[in-house]
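Those protein sequences? They're chains A and B, same order as listed.
With the numbering used here applied, the first sequence corresponds to residues 1 to 336, in that order.
With the numbering used here applied, the second sequence corresponds to residues 337 to 672, in that order.
Please read the structure below before turning to the comments.
Protein chains: 2
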Amino acid sequence: MVTMQDVARHAGVSVMTVSNVVNEQPHVRAATRAKVLAAIAELGYHVNTTARSLRQGRTGVIVLAVPEVDRPYFGLLATLLIERAAARGYDLLVEQTAARRDRELDSIARSRLRSYDGLILSAVQLHDDDAGLLRGDFPIVVLGERSFAEPLDHVLMANEEGGALAAGHLAERGCRRVAMIGGRIGGPDEIDLTTLRARGFLSGLAEAGLAADNGVVRPTDLTFEGGRETASALFDELDGLDGLFCATDVVAIGALRALTDRGLRVPQDVKVVGFDDVPLASFLSPSLTSVAPDHAVMADAVISMIADRIEGLRAADDYRTFTGAVRLVERESTAS
Amino acid sequence: MVTMQDVARHAGVSVMTVSNVVNEQPHVRAATRAKVLAAIAELGYHVNTTARSLRQGRTGVIVLAVPEVDRPYFGLLATLLIERAAARGYDLLVEQTAARRDRELDSIARSRLRSYDGLILSAVQLHDDDAGLLRGDFPIVVLGERSFAEPLDHVLMANEEGGALAAGHLAERGCRRVAMIGGRIGGPDEIDLTTLRARGFLSGLAEAGLAADNGVVRPTDLTFEGGRETASALFDELDGLDGLFCATDVVAIGALRALTDRGLRVPQDVKVVGFDDVPLASFLSPSLTSVAPDHAVMADAVISMIADRIEGLRAADDYRTFTGAVRLVERESTAS
DNA sequence: GCCATGTCCTGTAACGTTACAAGTCCGCTT
DNA sequence: AAGCGGACTTGTAACGTTACAGGACATGGC
């Protein structure tokens, strides 16, 4: 490995001068700079970022912990975050938690991750009991789903509002018997994605004057297969459903498939609304009406929050919460 | 920051003993180990991986350079690679190249990336002229698309065979006039994905005795939108097409949408085959027949290739190529 | 002509870890 | 009783970089 030592010797200057050239410090004569750059080129020198990190106490790497990058929403998120992190000079290291609590705890605790500059933790399955672990001097931003009593930096989504938008839209389009899959009826303290979207959905139904009998909200795995199975079971049990809200677009795609398999036409027989507005939504047949978060704005918020904290631009006890707005994008799946 | 020094002092042993405990070296008395572990717990010590990396000369981080993790194929790939890398003790840092040659060159050249242990470079837009950069002592595995004359570790896919499979299948299902979008007619030296799949497609057509007039292979962006636009333009121009092969499933999804918009039914009027077999394929309506690489096997090959090289388990001049097999998965889009 | 100021360059000492070689102690063999 | 080998422990010197303090020299103001 070529070191600064080698370059310095080759160029006839001190290591510090090489360092100053590499780091574009002022006060280096043009002639000296040229000499050093020539030596660097000739020897094929690359700065050793590990040594730099050790010396400077920062690595320039932020860890992104998501369930799986292959899921459309998280893929989109990761894409945006990687791009924005790069713009601020950080690399993103992706850690997959499979949405399991133990793996999320791992991400926080694992020593090696502690050596990076910060952690963006998405899709949190942690309990309030675990939240203490998130506290401390290590920069963490919690993204998207769960808000703890703990003081923490948060980027949230208007999940409840989105659920209400979906319910209102279905009602407005004439649906009389509406169900949700991928939702959960939880206590007032439960604030995960599925519970919040369900809560919004139910309040939206109430506001529209639609009945919400008990079976109308069904939990499911937030996967294609989960959507298909749960939708299928739902339509086996209940008659006369003419509107369906799915907790995510992925679930909605599974549900659309289940409806097709039963010979139900969308939107004529059943209208369907998803959530996330993934790029794919407009290319499906029928294209999918969806609650659209502003992904770009949220990604901006995440990166500026974590970078500001890493760089000490915010006081240690100054925790922020950003809630991204949502809007409804109407497409064929709810056409009247 | 708590260091080994602090732990050593607190436990009344030397730093080396702390290091030995942390690294689970033998020859540490149980009582000593317990003392050290207690001190570690009490002080909340975490090993500083940056210092460890500097000392050991390796970081445990592999860079994965893909166009964008949000594209279904690359998302799936990234998911599998992250998982398998973790199993071998490596973290994966994701770099996005946007499929641009300059950004790919960047990934190779950027100093900071040079400090990681290896690079997995996917979807390569580099010329043969650039290939020299890939040579050298830095562990690189080139994935999926382009095979250079340069000696390099490669993981390829049976692109040509896949194209032929698709053509054969369409012919066998009774298609008489078949086109491909997302393909390119290139010289014999051109070996990128689009050219190879097109070449296989044409040879498959020939074998089946089907005409391949000139306009039958159309290039396009490998995106949803590209698929839609190109398919739309193609069916504007040519009459009587009854079979369509798309270079990727993403393109196929765009094409399916275009066909629906024109009132063409799949598979009754036009049969469609994609390539990649992304999970989504079976949930579309109609579900999509696709050429399926064995993603898991390829991911295994990639990780063991790069890890073996990083760990020096293979001679410096012993370059390997692994070609992943493909098979055709028949679904509704080509039902007869 | 002298001090102040600025430009350019350099030596030294860390950053926190581990490789290596060199101990110390103990019980056991001969 | 001396010698030996094994179990356990430790000091020291790196790994390659940058922060810091300071040195050498020239310029300019009075």
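C-beta atoms are modelled at their ideal positions from N, C-alpha and C, and glycine is treated no differently.
Being a predicted model, the structure only gives us computed values, none of them experimental.
With contacts defined as CB atoms closer than 9 Å, A:ILE253 and A:GLY240 fail to qualify as a contacting pair.
Cβ neighbours of B:ASN356 within its own chain (closer than 6 Å, five residues either side excluded): VAL364.
Of B:ASP442, B:SER389 and B:PRO362, the smallest CA-CA separation from B:ALA401 is found for B:ASP442. In terms of CA proximity to B:GLY504, B:LYS607 leads the group B:GLU419, B:LYS607 and B:GLN461. Within chain B, the residues whose beta carbon sits less than 7 Å from that of A:THR260 are SER621, listed in sequence order. Here A:GLY183 is buried, its C-beta having at least 16 other C-beta atoms within 10 Å.
Bounds of any beta strand (DSSP E) do not take in B:GLU486, whose DSSP letter is neither H nor E. Below the 8 Å Cβ cutoff, chain A contributes PHE224, ILE253 and LEU280 as neighbours of B:LEU616, in chain order.
Rounded to whole angstroms, B:ASP613 and B:THR625 show a C-alpha spacing of 8 Å.
Within a 10 Å sphere around the beta-carbon of B:ARG436 sit fewer than 16 other beta-carbons, which makes this residue exposed. Looking from the CA of B:ARG420, the closest CA among B:GLU666, B:HIS631, B:THR659 and B:ALA515 belongs to B:HIS631.
Neighbours of B:THR339 across chain A, judged by C-beta separation under 7 Å, do not exist; the nearest C-beta is about 12 Å away.
The beta carbon of A:TYR116 sits closer than 6 Å to the beta carbons of THR59, VAL61 and VAL63 from its chain, once the five residues preceding and following it are set aside; these are given in chain order. Shown here for B:ALA500: same chain residues with a beta carbon closer than 8 Å to its own, the five before and five after excluded, namely GLY536, PHE537, SER539, GLY540 and GLU543 in chain order. Cβ contact annotation for B:ARG564 (same chain, cutoff 6 Å, sequence separation greater than five): GLY590, ARG593 and ALA594, in chain order. Annotation note: the segment 86 to 126 of chain A contains the following uninterrupted alpha helix (DSSP H) runs of length 4 or greater, listed N- to C-terminal: 101 to 109 and 111 to 114. Around A:TYR90, the same chain offers GLY60 and ILE62 as residues with beta carbons nearer than 6 Å, after the five sequence neighbours per side are excluded. The beta carbon of A:ALA299 does not come within 9 Å of any beta carbon belonging to chain B, so the residue lies off that interface. Sequence-distant Cβ neighbours of A:ASN159 in its own chain, meaning closer than 7 Å and more than five residues away, are LEU193, LEU196, ARG197 and GLY200.
B:ARG512 is not a Cβ neighbour of B:ASP605, given a cutoff of 9 Å. When secondary structure is reduced to three states using DSSP, B:HIS346 falls in the helix class. Straight-line spacing of the CA atoms in B:GLY348 and B:ALA370 works out to 12 Å. With 16 or more other CB atoms across the displayed protein chains lying within 10 angstroms of its CB, A:ASN48 is buried. Taking the Cα of B:VAL343 as reference, the smallest distance to any Cα among B:PRO362, B:GLN361 and B:TYR381 is reached at B:TYR381. Close CB contacts of A:ARG173 within its chain, under the 7 Å cut and outside five residues either way in sequence, are with LYS271, THR334 and SER336 (chain order). Excluding five sequence positions before and after B:ILE639, the CB atoms of its chain that fall closer than 7 Å to its own CB belong to LEU417, ARG420, ALA421 and ARG424, given in chain order. The beta carbon of B:ARG667 sits no closer than 9 Å to any beta carbon of chain A. Against A:THR59, the close residues of chain B are THR386, in the order they occur along the chain (beta-carbon pairs closer than 8 Å). Counting C-beta atoms within 10 angstroms of its own C-beta, B:GLU378 has fewer than 16 neighbours from the protein chains shown and is therefore classed as exposed. The C-alpha of A:LEU156 lies about 10 Å from the C-alpha of A:VAL141. Using a Cβ-Cβ cut-off of 9 Å, B:ASP406 counts as an interface residue toward chain A, since at least one Cβ of chain A sits closer than that to its own. The straight-line gap separating the alpha-carbon atoms of B:ALA547 and B:ALA414 is approximately 39 Å.
The Cβ atoms of A:THR323 and A:TYR73 do not sit closer than 9 Å to each other. Assignment of B:PHE474 by DSSP, reduced to helix, strand and coil, places it in the coil class.
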